[in-house]
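So the structure is just underneath, and the comments pick up after that.
If you want it as structure tokens, here you go:
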């Protein structure tokens, strides 16, 4: 599996060597998006529209009617 992430507060994940990527292109290219941190400043509705599947571990999708979102 190819894994990427976006987090302005964590530019690099060691020892995996992953670097934070731009959110828009990452969402467009992803088979699934997992929300594991609820950062302010992210347009979650736009993310829901752009993503194929969203798994929301933080509850940021409460109130959204997006059919492609699974809340856990």
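In the numbering used here, the protein residues as written are 481 to 552.
Glycine included, each C-beta is placed from N, C-alpha and C at the ideal position.
Extent of the continuous alpha helix (DSSP H) run through residue i
i: residue 506; result: 503-509
8 Å contact criterion, which residue i and residue j should meet: CB distance rounded
i: residue 546; j: residue 532; result: The pair is not a contact, with the Cβ atoms about 11 Å apart (cut-off 8 Å).
i: residue 537; j: residue 522; result: Going by Cβ atoms, the distance from residue 537 to residue 522 rounds to 14 Å, so no, they are not a contact pair.
i: residue 519; j: residue 501; result: Actually they are not in contact, since the Cβ atoms of residue 519 and residue 501 sit about 15 Å apart, beyond 8 Å.
Under 8 Å between C-beta atoms of residue i and residue j
i: residue 535; j: residue 514; result: yes
i: residue 527; j: residue 550; result: no
i: residue 525; j: residue 544; result: yes
Bridge partners - residue i, DSSP secondary structure assignment
i: residue 532; result: Looking at the DSSP assignment, residue 532 forms no beta bridge with any residue, so it has no partner.
Limits of the beta strand (DSSP E) - the one that residue i falls within
i: residue 522; result: Run containing residue 522: none; DSSP gives neither H nor E here.
i: residue 514; result: 513-515
Closest residue to residue i among the options (Cα-Cα distance)
i: residue 496; options: 484, 548, 505 and 524; result: 484
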